[in-house]
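Chains as they are written, first to last, in my numbering: chain A, 16 to 116; chain B, 406 to 574. By construction, the Cβ of each residue, glycine as well, lies at the ideal position given by its N, Cα and C atoms.
Quick look at the structure:
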């Protein structure tokens, strides 16, 4: 029954090559950059509210931003990363998305 | 000036006329109008230069929402600041009550003002960390004082929010 269909399933013809699976899966980083104006306590509060991080983790990231100039707050799918960046901009933090190397 | 938490609000009493005037200037100071550096800081890029398409879409679709969000915050603060309007005793100390549900808007408006002033006068990190600079001899010095004073108010609002979140506080 339906021999043509079985034949097509067994040896499909590639008409168009799409992106490699690894390229699609590459995560995006949400990066927060240092800003001497924003208060440290304010930045900690924002990290807790936006990412739901406990105070200790939020403080650790805040200190990383303060001392190293930047910190990766979250990594994952692009749409979610864009949403996080938008939330951080709502709080006036310097935040960007960038592709993981 | 005295700060206390009363009935779900942050109450700032004994505000002298000079500090009351600085508080009244929050909405005006938060506007980056015409100052390119301030506009660029308040509406900073969401990605690096290699993400041109995303940045263009952001300007088109996200930035108007951010503008509205920032404007709503300053309008609410402006309404609260009507408590500080000069009355029949223009040199009397004043009281300001910030309801707890307005805290986030206050933090936002104060931040807009601090960022705008810092961009306007191009303060260095060293200047921003110098909390003991005095006296105020120029409009620029006053700008730095404003940034520090607004930061001081932010700290109290943050502390009040933190206390409110702790059930046993």
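Handout entry: Whole-number beta carbon distance between residue 515 (chain B) and residue 431 (chain B), since they are thought to touch under 8 Å
Key = Taking the second chain and counting its residues from 1, the one referred to as residue 431 (chain B) is at position 26. Taking the second chain and counting its residues from 1, the one referred to as residue 515 (chain B) is at position 110. Between residue 515 (chain B) and residue 431 (chain B) the Cβ distance is about 6 Å, and since that is below 8 Å, they are a contact.
Practice task
Helix, strand or coil for residue 46 (chain A), going by three-state DSSP, please let me know.
Solution key: Against the first chain, residue 46 (chain A) aligns to sequence position 31. Strand.
Exercise for the section: For the beta strand (DSSP E) holding residue 112 (chain A), just list the boundary residues, first then last. Expected result: In the first chain, the residue the question calls residue 112 (chain A) occupies position 97. It spans 110-114 - the beta strand (DSSP E) in which residue 112 (chain A) sits, taken as one unbroken run.
Exercise for the section: Flag residue 516 (chain B) as yes if its beta-carbon sits less than 8 Å from any beta-carbon of chain A, otherwise no. Expected result: Here the question's residue 516 (chain B) lines up with position 111 in the second chain. Interface residue, yes.
Practice task
Verify the CB distance criterion: does residue 574 (chain B) have a CB-CB separation below 8 Å to chain A?
Solution key: As a working mapping, residue 574 (chain B) is identified with position 169 in the second chain. The pLDDT assigned to residue 574 (chain B) is 47, lower than 50, so where the model puts this residue is not dependable; a value taken from the coordinates is nonetheless given after this. So, not an interface residue.
Handout entry: Below-8 Å beta-carbon distance, residue 41 (chain A) vs any chain B residue
Key = Position 26 of the first chain, counting from 1, holds the residue named residue 41 (chain A). Residue 41 (chain A) does not count as touching chain B.
Problem - For residue 500 (chain B) and residue 409 (chain B), the rounded distance between their alpha carbons - result: Counting from 1 along the second chain, the entry for residue 409 (chain B) is found at position 4. Counting from 1 along the second chain, the entry for residue 500 (chain B) is found at position 95. Taking the straight line from one Cα to the other gives about 11 Å.
Exercise for the section: Assign residue 93 (chain A) to buried or exposed, taking buried as 16 or more other Cβ atoms, counted over all protein chains shown, within 10 Å of its Cβ. Expected result: For the purposes of this step, residue 93 (chain A) is identified with residue 78 of the first chain, where counting begins at 1. Burial call: exposed.
Practice task
Determine whether the Cβ of residue 447 (chain B) lies closer than 8 Å to any Cβ atom of chain A.
Solution key: Position 42 of the second chain, counting from 1, holds the residue named residue 447 (chain B). Chain A, which has a Cβ nearer than 8 Å to the Cβ of residue 447 (chain B), makes this yes.
Exercise for the section: Step through the CB atoms of chain A and report whether any lies within less than 8 Å of the CB of residue 553 (chain B). Expected result: Position 148 of the second chain, counting from 1, holds the residue named residue 553 (chain B). Answer no: the Cβ-Cβ gap between residue 553 (chain B) and chain A never drops below 8 Å.
Practice task
Use the C-beta contact count for residue 106 (chain A): other C-beta atoms within 10 angstroms, 16 or more gives buried, fewer gives exposed.
Solution key: Counting from one through the first chain, the residue named residue 106 (chain A) turns up at place 91. Buried is the call here.
Practice task
Check distances from the C-beta atoms of the stretch 85-106 of chain A to those of chain B and list, in chain order, the residues that come in under 8 Å.
Solution key: 97, 100, 101, 104, 105, 106
Practice task
State the beta-bridge partners of residue 508 (chain B) as determined by DSSP.
Solution key: Reading the second chain from its first residue, position 103 is the one you call residue 508 (chain B). Partner(s): none; residue 508 (chain B) has no beta bridge.
Practice task
Out of B:414, B:552, B:554, B:513, state which residue places its alpha-carbon closest to the alpha-carbon of residue 471 (chain B).
Solution key: For the purposes of this step, residue 471 (chain B) is taken as residue 66 along the second chain, with counting starting at 1. If we check each option's Cα against that of residue 471 (chain B), B:513 comes out closest.
Problem - Any C-beta of chain A under 8 Å from that of residue 577 (chain B) - result: This structure does not reach residue 577 (chain B), given that chain B is present from 406 up to 574, and the question cannot be answered.
Exercise for the section: Count the other C-beta atoms from every protein chain shown that fall within 10 angstroms of the C-beta of residue 86 (chain A), then say buried if there are 16 or more, exposed otherwise. Expected result: Taking the first chain and counting its residues from 1, the one referred to as residue 86 (chain A) is at position 71. Result: buried.
Practice task
State whether the stretch 109-116 of chain A contacts the stretch 552-569 of chain B, with contact taken as three or more CB pairs (one from each stretch) at a distance under 8 Å.
Solution key: no
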